[in-house]
Structure formats: structure tokens, C-alpha cells
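Here this note's numbering runs 4 ahead of the position in the sequence shown, where the first position is 1. Here a beta-carbon is modelled for each residue, glycine too, at the ideal position from N, C-alpha and C. Everything numeric in this text was worked out from a predicted model, so none of it was measured. Below you'll find the structure, written out as C-alpha cells, and then a few comments.
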Amino acid sequence: MNDTAVVIVAAGKGERAGGGLPKQYRPVAGRPLLAWTLQPFLDHPRVGAIQLVIDPAHAESCAAVIAHLDLVAPVGGGSDRQGSVLAGLEALVPHGPDKVMIHDAARPFVGSGLIDRLLARIDAGAEAAIPTLPLTDTVKRCRDGMIVGTLDRSELGRAQTPQTFRFASILAAHRQSAGASLTDDAAVAEAAGIAVAAVDGEEGNIKITHPDDFAEAERRVGRFEMRVGSGFDVHAFCPGDHVMLCGVAIPHEAGLAGDSDADVGLHVLVDAMLGALGEGDLGRHFPPGDPRWKGRASSDLVAVAMELMRARGARLVHADLTLICERPRLARHQPAMRANVARLLGVTEGRVNVKVTSTDGLGFTGRGEGIAGQATVTMEVPAACA
Ligand code: MG
Numbered sequence: 005m006n007d008t009a010v011v012i013v014a015a016g017k018g019e020r021a022g023g024g025l026p027k028q029y030r031p032v033a034g035r036p037l038l039a040w041t042l043q044p045f046l047d048h049p050r051v052g053a054i055q056l057v058i059d060p061a062h063a064e065s066c067a068a069v070i071a072h073l074d075l076v077a078p079v080g081g082g083s084d085r086q087g088s089v090l091a092g093l094e095a096l097v098p099h100g101p102d103k104v105m106i107h108d109a110a111r112p113f114v115g116s117g118l119i120d121r122l123l124a125r126i127d128a129g130a131e132a133a134i135p136t137l138p139l140t141d142t143v144k145r146c147r148d149g150m151i152v153g154t155l156d157r158s159e160l161g162r163a164q165t166p167q168t169f170r171f172a173s174i175l176a177a178h179r180q181s182a183g184a185s186l187t188d189d190a191a192v193a194e195a196a197g198i199a200v201a202a203v204d205g206e207e208g209n210i211k212i213t214h215p216d217d218f219a220e221a222e223r224r225v226g227r228f229e230m231r232v233g234s235g236f237d238v239h240a241f242c243p244g245d246h247v248m249l250c251g252v253a254i255p256h257e258a259g260l261a262g263d264s265d266a267d268v269g270l271h272v273l274v275d276a277m278l279g280a281l282g283e284g285d286l287g288r289h290f291p292p293g294d295p296r297w298k299g300r301a302s303s304d305l306v307a308v309a310m311e312l313m314r315a316r317g318a319r320l321v322h323a324d325l326t327l328i329c330e331r332p333r334l335a336r337h338q339p340a341m342r343a344n345v346a347r348l349l350g351v352t353e354g355r356v357n358v359k360v361t362s363t364d365g366l367g368f369t370g371r372g373e374g375i376a377g378q379a380t381v382t383m384e385v386p387a388a389c390a
């Protein structure tokens, strides 16, 4: 049930963070901040349309971040944050979402638990829900360098994003309050008389504002975890004079049948890469019968999987492929296949292994009906994405 849309406000100039480029496009551990911010929403099963609001002057930087991601087309922002949110909400109208989360691009570490808590509160009947954190420091009222009072901090909370609303009511509230210069969307809701519920925020849901915050973000995403993906595939022989395996043309009295070049070696490799990334299977990314993939070299599929890996900030550690057939005899082609897989993956040959085996004359491979393959890929994936 993906009835929840997301507006991510990324139109700011982000000058306080230093470094020239607006902060949302600056890299954190080799990956733009905005890509980190998008990930938890892309991964959440209840999130449907994701609407980015950007400064059109940065359309190129944005396009580089969102290539291959499942987003609706970004829209240009307004003259201030409130105007940008309104532009994002208006762009979502045709999608007809029931709920919307409004989120700042500068908060890259939203936990899936926080998204769950916010949606649960709306499901339970709240019109709006925002994450808040208690204050641990005592809060003083200051004037002209003097303390003039002490506030009761038990009643105060620090507001975070994503702030979550019934779509129709926050859209109406934003239209009504356009130009009123309120600092968050909860304030827009409050001004419209919408009751806003508070749910527990997350200390880890930091906002990147100053250069030091980038250092803190780097420390967090510097933690990787090991993932293992597996792949399996079979292609049948058909009339032809060669087979493509691991991107190497190997002469044979038959070819392999399939939409692309039927390279079972690269198919299992890509399948295993998708497995390690939690990105579904080959069929999801390259639907059978899709004219875009008809007759394409399977190295193009590897390139797409590499792009998904890069977008995640993940690193391939090792790929181990096994090709299973009686004929053609593949042993003497092993070095070329290994070298080509390493080249496609941009790693040294030491990180790639290609094995060939037969099934002792048994089964469909034994009867010479086709070639089977399997692969295992190990990958380091940023723990912040888990
Ligand atoms: Mg295949």
C-alpha cells in the first residue's frame, strides 16, 4: 500500500556548509548528500511518488543524482522554503496521494522506524504528525548579552522532518498561508487550525548545516556491512555459430536463445549484484520482451547494476561465477572471461573468479540442451542504507 507521497525540499543554496556546490549535491563518502536522503524513502514499502523540489540552476547536478532512481520529475522551487513546499505539493496533485511526508534534503539519515511511527500516528487518526526530540540543555531567554529568564524545557521539543500530513489538508493549508513566512510545515498546519501530533524523533536524524556536520556524516556512513548476493540463470541452445559468455564470443555449433545476447555468465553476475543490493532481480530491471533490451549486449546490464551500486555507495569485494555445460569446452576461455568480467566491474582480476564445470552427462546440461550459470557476489554496503 504505497499511498504516501514524499516532498523533498532541495532548492536551498546551502551556503553555510561551505564548499561552493549547494550542500545537497556535495559528496558524503563519495555519494551526494541528496542520494543518502532519498534512500530511506526509496526503500520504504509505503512510499509511492517522491517529488524533489530543486533550484533549476542545479538541474544538472540533480539529474546526475537521480538517474536510474524511481522518482517523479523534479520541479523548480519557490522564492523561499514555503513556496518550494507548495510547488512540490501542487506537483503531486495528479498522483492523488492520501498522505504526504515533507522532508528537508539536508537530513540524510531518516530511519525506517521513524517513517513507520509517523505513518502509524496518521493511520490512528491524527491529521498531522511530526518528529520531536526533548531538549537536554536548559534554555535561557537572552537579551543584550544578559539572561532575562529560564524557560520550562519540559514543554519544549526540537522539531525534525519528515513531517507527515493528510495530503488534502496540508495542501489547503499551504495554499492559504502562501507568503506568510513560517519556518516549518507544522507551523503552516498549526496556522490553519490543524492539530499536530508529536512522535519520538531520532538523534541520528541530523541536519547537515555546517562543515562539521559533513565530517559527522562521513563518520556515520564510513561504516560498511558485508552483503552476499547469489544469481542463477539458464539459457537454451538455438541455431547459431557462437555463444556469448562473460562478454566473450566463444565459437560453437549453436547459439543461446534470449532477448539480449543471452550471456548467461553476465546475467548471473548482474542477478547476484542486484541480490547483494536488495534490488530485486533481472526481470524487474530488464523486463523480458522490453524492446529497450532487445539485442543489447549484456555488458549494458552490468553497467546498470554498477550504477545502482555506485548510487548506494557500495563496493564490490568479489564475484565468483560458475558456468555449467557439457559443450562448448570452456576451460581455455576462462582467462579471457575472467579478465573481461574484471574490466566490466572496474576491479582487479584478483576480485573475480570464473569456474566451468559439467554435470557428468546428467540433466539438461548433460544432454546439451543449454548452459546454466550461478554466481555469488560479495559487496560492502554502507550500514546507513541498511
Ligand atoms: Mg538470462
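Burial state of residue i, where buried means 16 or more other Cβ atoms lie within 10 Å
i: Pro135; result: buried
i: Leu155; result: exposed
i: Pro215; result: exposed
i: Val143; result: exposed
i: Val89; result: buried
i: Gln55; result: buried
i: Ile151; result: exposed
i: Ser185; result: exposed
i: His72; result: exposed
i: Met105; result: buried
i: Asp74; result: exposed
i: Met230; result: exposed
i: Pro295; result: exposed
i: Cys146; result: exposed
Rounded straight-line distance, which links the Cα of residue j to that of residue i
i: Arg157; j: Glu207; result: 17 Å
i: Ala390; j: Glu159; result: Unreliable placement is indicated for Ala390, whose pLDDT of 48 sits below 50; no coordinate value is reported for it.
i: Pro26; j: Gln86; result: 19 Å
i: Ala15; j: Val268; result: 44 Å
i: Asn209; j: Arg224; result: 11 Å
i: Gly183; j: Ala61; result: 23 Å
i: Gly226; j: Ala315; result: 15 Å
i: His107; j: Ala309; result: 28 Å
i: His99; j: Val10; result: 11 Å
i: Leu228; j: Glu222; result: Correcting the residue identity first, residue 228 is Phe in this sequence and not Leu. So the alpha carbons of these two residues sit roughly 12 Å apart.
i: Ala77; j: Gly92; result: 11 Å
i: Thr352; j: Val192; result: 55 Å
i: Ile58; j: Phe218; result: 21 Å
i: Arg179; j: Leu139; result: 32 Å
i: Asp263; j: Cys242; result: 12 Å
i: Leu96; j: Asp141; result: 39 Å
i: Thr380; j: Val232; result: 7 Å
Residue i CB to nearest heavy atom of the ligand MG below 7 Å
i: Val268; result: yes
i: Gly287; result: no
Rounded distance between the beta-carbons of residue j and residue i, thought under 8 Å
i: Asp364; j: Gly372; result: Actually they are not in contact, since the Cβ atoms of Asp364 and Gly372 sit about 13 Å apart, beyond 8 Å.
i: Ala199; j: Glu311; result: Actually they are not in contact, since the Cβ atoms of Ala199 and Glu311 sit about 44 Å apart, beyond 8 Å.
i: Val69; j: Ala39; result: 5 Å
i: Asp245; j: Gly235; result: With 8 Å as the limit, Asp245 and Gly235 do not qualify as a contact, their Cβ atoms being about 27 Å apart.
i: Ala110; j: Lys211; result: 5 Å
i: Ala318; j: Val345; result: Wrong, their Cβ atoms sit about 17 Å apart, outside the cutoff.
i: Ser302; j: Glu330; result: Incorrect: roughly 22 Å between the Cβ atoms, too far for contact.
i: Val272; j: Leu325; result: 6 Å
i: Ile119; j: His48; result: 5 Å
Residue i: CB within 7 Å of a non-hydrogen atom of the ligand MN
i: Pro98; result: Because the ligand MN does not appear in the structure shown, any question about it cannot be addressed here, the ligands present being the ligand MG.
Next on the checklist: Taking 5 Å as the limit, name every residue whose beta carbon sits nearer than that to some heavy atom of the ligand MG, in sequence order.
Outcome noted: Asp237, His271
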